[in-house]
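In the working numbering, the protein residues as written are 126 to 478.
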């Protein structure tokens, strides 16, 4: 009898209007593993060996997660996501097998979308599909600041304007409280200056996507203690993709000790890809220049060159081969310095589920 009553109650909830039932969650993920041959030259004559090579099995941001939404009525939808990164190359007993990625809960409606949690900043997300080697050795994170996934964010994204423009802004409270002692998140020259506001860190972006052209302008203010400005553009013409990125980054004024140097970084990157059937050929080059703001110290230059090919068996599974070369010229000293370099050849497979 109790079972029958329960069945009737569930059935009534399904057919009665205005009763919200949570949609089933989606479990998703991907495994991305590669076999790498790495050759390094530290350019140090004083070392017993200043060059060498090795083989490695690498997990390239393999991950799994749960996401979903639920209709709430009145034009509102609850959204959520929880994602973990998996160290697919670690052995048994590893203490770092799982690490956090994007995790949030929020509301979506005609007003846009509001999310609370830990997630990619608008500046990081502004790269869109620009990075052709995302999460691999030639990821632009190796030559640029701003690729941040931050905690404690309150993020708002506007509805699409004219079906192609979206605005995004995220606020990050410092979560310090002046009661009970000194603070460390505010002005480094004032121990009583606390990061106790709602907008101690801000990240914002404007994104234009027409289909054939993707462009974005983004800015960080005191995100990970840095101020960053980024412009990115991607043009798609048939089976050809061309992209460019320009960025500047420096420490936030409140995070610089009085009379200390104020180094500034500039990154410029360009790439291109062409699809031939189910195969994509791609190349990427980037240069980061660091002005150390110190007399008689040359700018440091970091150069990234990469090219590769990926073959897609299906939308879920691909194999790839990539070559990456990363080199450094001068590292910010008044005396002659080493110019190290590292080269990597990787072959791998990625499967999404």
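Note that the Cβ used here is the ideal one computed from N, Cα and C, for glycine as well. Computed from a predicted structure; not experimentally measured.
Candidates the options, of which the one nearest residue i by Cα
{"i": "residue 209", "options": "221, 202, 199, 198", "result": "221"}
{"i": "residue 323", "options": "298, 375, 317, 180", "result": "298"}
{"i": "residue 246", "options": "451, 343, 200", "result": "343"}
{"i": "residue 330", "options": "315, 353, 313", "result": "353"}
{"i": "residue 359", "options": "255, 233, 169, 195", "result": "255"}
{"i": "residue 442", "options": "157, 152, 153", "result": "157"}
{"i": "residue 195", "options": "325, 384, 233", "result": "233"}
{"i": "residue 274", "options": "448, 427, 326", "result": "326"}
{"i": "residue 167", "options": "469, 465, 474, 473", "result": "465"}
{"i": "residue 283", "options": "295, 390, 276", "result": "295"}
{"i": "residue 412", "options": "392, 418, 419", "result": "392"}
{"i": "residue 363", "options": "249, 389, 450, 405", "result": "405"}
{"i": "residue 285", "options": "200, 332, 337, 374", "result": "332"}
{"i": "residue 357", "options": "339, 444, 374", "result": "339"}
{"i": "residue 410", "options": "229, 264, 251, 165", "result": "264"}
{"i": "residue 453", "options": "468, 153, 201, 387", "result": "468"}
Reduced DSSP secondary structure (H/G/I, E/B, other) of residue i
{"i": "residue 283", "result": "coil"}
{"i": "residue 249", "result": "helix"}
{"i": "residue 467", "result": "strand"}
{"i": "residue 341", "result": "strand"}
{"i": "residue 446", "result": "strand"}
{"i": "residue 309", "result": "coil"}
{"i": "residue 263", "result": "coil"}
{"i": "residue 441", "result": "coil"}
{"i": "residue 274", "result": "strand"}
{"i": "residue 455", "result": "coil"}
{"i": "residue 348", "result": "strand"}
{"i": "residue 162", "result": "strand"}
{"i": "residue 299", "result": "coil"}
{"i": "residue 320", "result": "coil"}
{"i": "residue 168", "result": "coil"}
{"i": "residue 315", "result": "coil"}
{"i": "residue 257", "result": "coil"}
Distance CB(residue i)-CB(residue j) smaller than 8 angstroms
{"i": "residue 149", "j": "residue 192", "result": "no"}
{"i": "residue 399", "j": "residue 430", "result": "no"}
{"i": "residue 476", "j": "residue 155", "result": "yes"}
{"i": "residue 163", "j": "residue 189", "result": "no"}
{"i": "residue 471", "j": "residue 159", "result": "yes"}
{"i": "residue 345", "j": "residue 328", "result": "yes"}
{"i": "residue 394", "j": "residue 253", "result": "no"}
{"i": "residue 455", "j": "residue 424", "result": "yes"}
{"i": "residue 176", "j": "residue 214", "result": "no"}
{"i": "residue 260", "j": "residue 244", "result": "no"}
{"i": "residue 370", "j": "residue 397", "result": "no"}
{"i": "residue 426", "j": "residue 414", "result": "yes"}
{"i": "residue 223", "j": "residue 231", "result": "no"}
{"i": "residue 433", "j": "residue 407", "result": "yes"}
{"i": "residue 317", "j": "residue 308", "result": "yes"}
{"i": "residue 251", "j": "residue 355", "result": "yes"}
Take every Cβ of the region 343-358, pair it with every Cβ of the region 270-278, and state whether three or more of those distances are shorter than 8 angstroms. yes
Please confirm if the region 279-294 is in contact with the region 234-245, defined as three or more CB-CB distances below 8 angstroms between the two stretches. yes
Enumerate, from N- to C-terminal direction, the unbroken beta strand (DSSP E) stretches of 3 or more residues contained entirely within the region 357-437. 365-376, 389-401, 404-416, 425-437
Please give me, in chain order, every unbroken run of the beta strand (DSSP E) with length at least 3 that falls completely inside the region 171-255. 176-184, 188-198, 201-211, 223-234, 237-245
Validate contact between the region 305-319 and the region 377-389 using beta carbons, cut 8 angstroms, 3 pairs: yes
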